[in-house]
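S.K.: Below is one structure. I have some questions about it.
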Amino acid sequence: MKIQKSLFLLLFFAVSCTKNDIPTCVDDVALFSLADFPIGVAVSPFELESNSAYRQIVVEQFNRITPGNVFKPDALQPLENDFSFEIADSLVAFANANGKQIHGHTLLWHNQLPSWMNNFSGNRDEWISMMETHIKTVVAHFGNQVKSWDVVNEAFEDNGDFRANIWYQNIGEEYLKLAFELAHEANPDAILFYNDFNIAAKPKKCEAILNHFKKLKNEGVPVHGIGLQLHIFNATPSENKIENAVKAIVNEGFQVHFSEIDISMNLSGGNMQLTDNKLQKQGERMKLLTDIFQNIPENQQFGMTIWGVSDLDSWIPSFFGREDYPLLYDENYEPKPMYCGFLEGLTER
Ligand code: G3I
Numbered sequence: 256m257k258i259q260k261s262l263f264l265l266l267f268f269a270v271s272c273t274k275n276d277i278p279t280c281v282d283d284v285a286l287f288s289l290a291d292f293p294i295g296v297a298v299s300p301f302e303l304e305s306n307s308a309y310r311q312i313v314v315e316q317f318n319r320i321t322p323g324n325v326f327k328p329d330a331l332q333p334l335e336n337d338f339s340f341e342i343a344d345s346l347v348a349f350a351n352a353n354g355k356q357i358h359g360h361t362l363l364w365h366n367q368l369p370s371w372m373n374n375f376s377g378n379r380d381e382w383i384s385m386m387e388t389h390i391k392t393v394v395a396h397f398g399n400q401v402k403s404w405d406v407v408n409e410a411f412e413d414n415g416d417f418r419a420n421i422w423y424q425n426i427g428e429e430y431l432k433l434a435f436e437l438a439h440e441a442n443p444d445a446i447l448f449y450n451d452f453n454i455a456a457k458p459k460k461c462e463a464i465l466n467h468f469k470k471l472k473n474e475g476v477p478v479h480g481i482g483l484q485l486h487i488f489n490a491t492p493s494e495n496k497i498e499n500a501v502k503a504i505v506n507e508g509f510q511v512h513f514s515e516i517d518i519s520m521n522l523s524g525g526n527m528q529l530t531d532n533k534l535q536k537q538g539e540r541m542k543l544l545t546d547i548f549q550n551i552p553e554n555q556q557f558g559m560t561i562w563g564v565s566d567l568d569s570w571i572p573s574f575f576g577r578e579d580y581p582l583l584y585d586e587n588y589e590p591k592p593m594y595c596g597f598l599e600g601l602t603e604r
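Just so you know, this note's numbering puts 376 at position 121 of the sequence shown, and the rest follows in order with no gaps.
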């Protein structure tokens with residue numbers, strides 16, 4: 256691995272050139288071949304099927320995929336007790352055919368729930384039973400083809416309070432513990448994650464999450480890792496904040512997943528001017544994330560996952576109604592300085 260990296264370093268600088276002072280690099284070496292941990296990307300099976308440039312990048316550059324939407328409850332159980340696995344299974348088939356791992360996302364959340372689930376009425380036991388059916392059916396269906404799961408997504412508010420989602424309102428905070436136990440019963444081999452945003456940006460949120468899952472871990476509940484989504488900006492959160500959050504998670508013995516990386520450059524919203532400087536900064540941020548991740552002890556490095564392939568595919572512009580360019584590839588599926596920053600961070604090790 257080390258020799259391969261040194262050779263690549265030579266090649267990298269040989270082909271590096273400057274276009275308008277922005278360093279560019281080529282993407283003819285697989286990112287995943289440079290890393291000692293999995294390099295993931297969130298994907299859509301529809302794009303994989305219809306868009307050859309998109310598919311080529313996923314196949315060539317990454318060795319793990321996270322389904323961006325098709326493993327969520329509204330996709331898998333659109334009607335009560337009527338599961339729909341066809342599209343998800345097609346993604347598993349793609350992963351198997353191309354040697355990619357799949358990280359399952361996500362068993363419980365407050366968004367992308369089918370309307371019957373949102374409107375479910377029942378007592379606490381009936382809610383637990385409904386949750387059990389969903390978790391166990393989904394995890395058992397995929398078995399060891401999906402070896403890791405985001406069991407619960409975004410259960411805490413930025414101030415550290417529990418989010419008052421349907422699970423909390425109807426079951427209470429014990430739903431978190433139960434969800435991990437049920438997923439573990441359905442697949443005792445799976446690596447189970449709690450996943451959230453703003454863990455680095457909001458120290459109170461990080462503290463609340465860690466206190467809760469530390470307590471569960473000490474009670475023997477099978478919680479193996481924490482996913483920091485890292486939907487971040489060019490300038491925030493600071494390097495210090497990211498490092499502090501990662502260190503706190505590492506110190507509690509959890510595996511760490513940088514699970515949904517994208518780097519926005521438009522803090523003020525609306526339209527923006529895409530400048531070389533902003534692109535350059537984005538590349539430096541990506542390298543910084545890669546450096547921070549590689550400082551985690553190896554046995555706690557679960558992987559780094561980018562939340563989408565190209566700027567065309569990002570959820571950010573439509574969700575926030577702002578112009579933005581948060582991913583590794585531009586609208587023409589050409590690598591950006593952000594890609595180069597990732598590659599440089601992986602290569603320097
Ligand atoms: O599938 C329909 C399509 O039929 C319809 O024509 C189209 C019109 O808007 O919408 C399509 O659904 C969209 C879906 O993505 C698939 O593209 C939804 O409107 C849209 O809301 C949905 O957005 C997803 C978002 O979660 C929903 O909250 C994003 O793709 C997905 O990337 C995003 O991912 C989340 C993570 O799961 C958790 N962390 C935050 C992250 C970003 O929000």
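Each residue gets a CB set at the ideal place from its N, CA and C atoms; glycine is no exception.
Give every residue of the same chain whose Cβ lies closer than 7 Å to the Cβ of A438, excluding the five residues on either side of it in the sequence, and list them in chain order.
M.R.: L362, I390, V394, W404, V406, A445, L447
S.K.: Between F317, E603, F513, S384, which lies nearest to D282 when the distance is taken from Cα to Cα?
M.R.: F317
S.K.: How would you write the range of the alpha helix (DSSP H) that D329 sits in, first residue to last?
M.R.: 328–331
S.K.: Is it buried or exposed, K457, if we count other Cβ atoms within 10 angstroms and call 16 or more buried?
M.R.: buried
S.K.: Say whether the segment 380–390 touches the segment 409–419, bearing in mind that this needs 3 or more beta-carbon pairs closer than 8 Å, one atom from each stretch.
M.R.: Judged by Cβ distances under 8 Å, the segment 380–390 makes no contact with the segment 409–419, as fewer than three pairs qualify.
S.K.: With a 10 Å radius around its C-beta and 16 neighbouring C-beta atoms as the bar for buried, classify P443 as buried or exposed.
M.R.: With fewer than 16 other Cβ atoms within 10 Å, it is exposed.
S.K.: Entirely within the segment 522–588 and at least 4 residues each: give me those alpha helix (DSSP H) ranges in chain order.
M.R.: Counting only runs of 4 or more, we get 531–549, 571–575.
S.K.: Just to check, is the beta-carbon of T361 closer than 7 Å to a non-hydrogen atom of the ligand G3I?
M.R.: T361: yes, Cβ under 7 Å from the ligand G3I.
S.K.: For S403, report the span of its beta strand (DSSP E) as first-last.
M.R.: That run of the beta strand (DSSP E) goes 403–408.
S.K.: Could you tell me which of E507, S519, V476, A503 sits nearest to H486, measuring between CA atoms?
M.R.: S519
S.K.: Within this structure, are the beta carbons of V325 and A343 separated by less than 8 Å?
M.R.: yes
S.K.: Can you tell me whether F452 sits near the ligand G3I, meaning its C-beta is under 7 Å from at least one heavy atom of the ligand?
M.R.: Within 7 Å of the C-beta of F452 there is at least one heavy atom belonging to the ligand G3I.
S.K.: Would you call the segment 557–566 and the segment 283–297 touching, i.e. three or more CB-CB distances under 8 Å?
M.R.: yes
S.K.: Going by beta carbon distance, what residues of the same chain come within less than 7 Å of K402, once the five residues before and after it are set aside?
M.R.: These residues qualify, in order along the chain: Q356, D444, A445, I446.
S.K.: If I follow the unbroken beta strand (DSSP E) through F488, where does it start and stop?
M.R.: 486–488
S.K.: Determine which residues share a DSSP beta bridge with P322 and list them.
M.R.: V298
S.K.: Just reading off the alpha helix (DSSP H) that E436 is part of, what are its end residues?
M.R.: 429–441
S.K.: When a residue counts only if its C-beta is closer than 5 Å to some heavy atom of the ligand MN, which residues count, in chain order?
M.R.: The model depicted lacks the ligand MN and carries the ligand G3I instead.
S.K.: Helix, strand or coil for V393 per DSSP?
M.R.: helix
S.K.: Report buried or exposed for R319, applying the criterion of at least 16 other Cβ atoms within 10 angstroms of its Cβ.
M.R.: buried
S.K.: Just checking my contact of S569 with D517 at CB under 8 Å: how many whole Å lie between their CB atoms?
M.R.: 6 Å
S.K.: Measure from the alpha carbon of A352 to the alpha carbon of each residue in V314, R577, Q528, H365, then state which is nearest.
M.R.: Closest option to A352, Cα to Cα, is V314.
S.K.: I want to know whether the segment 576–592 touches the segment 328–341 - three or more CB-CB distances under 8 Å.
M.R.: no
S.K.: Can you check DSSP and say which residues form a bridge with H512?
M.R.: G482, G558
S.K.: What do you reckon, are the CB atoms on Q484 and F452 nearer than 8 Å?
M.R.: yes
S.K.: For M593 versus G558, is the C-beta spacing smaller than 8 Å?
M.R.: no
S.K.: What three-state label does DSSP hand Q367 in the structure shown?
M.R.: Coil, per DSSP.
S.K.: Quick one, are the C-beta atoms of R540 and N489 less than 8 Å apart?
M.R.: yes
S.K.: Can you give me the Cβ contacts of E553 inside the same chain, cut-off strictly under 8 Å, excluding the 5 residues immediately before and after it?
M.R.: D291, F292
S.K.: From the DSSP output, in three-state form, read off G359 for me.
M.R.: strand
S.K.: For K542, is the classification buried or exposed, using 16 other Cβ atoms within 10 angstroms of its Cβ as the cut-off for buried?
M.R.: It counts as buried.
S.K.: What are the partner residues of F287, as DSSP defines its beta bridges?
M.R.: DSSP output for F287 lists no bridge partner at all.
S.K.: Going by other Cβ atoms of all chains shown within 10 Å of its Cβ, with 16 needed for buried, is S514 buried or exposed?
M.R.: When all chains shown are included, S514 counts as buried.
S.K.: Looking at C-alpha atoms only, which residue of I421, I454, Q510, H396 is the closest neighbour of S493?
M.R.: I454
S.K.: Go ahead and pull the three-state DSSP assignment for F468.
M.R.: helix
S.K.: Would you report the Cα separation of E341 and L303, rounded to the nearest angstrom?
M.R.: 15 Å
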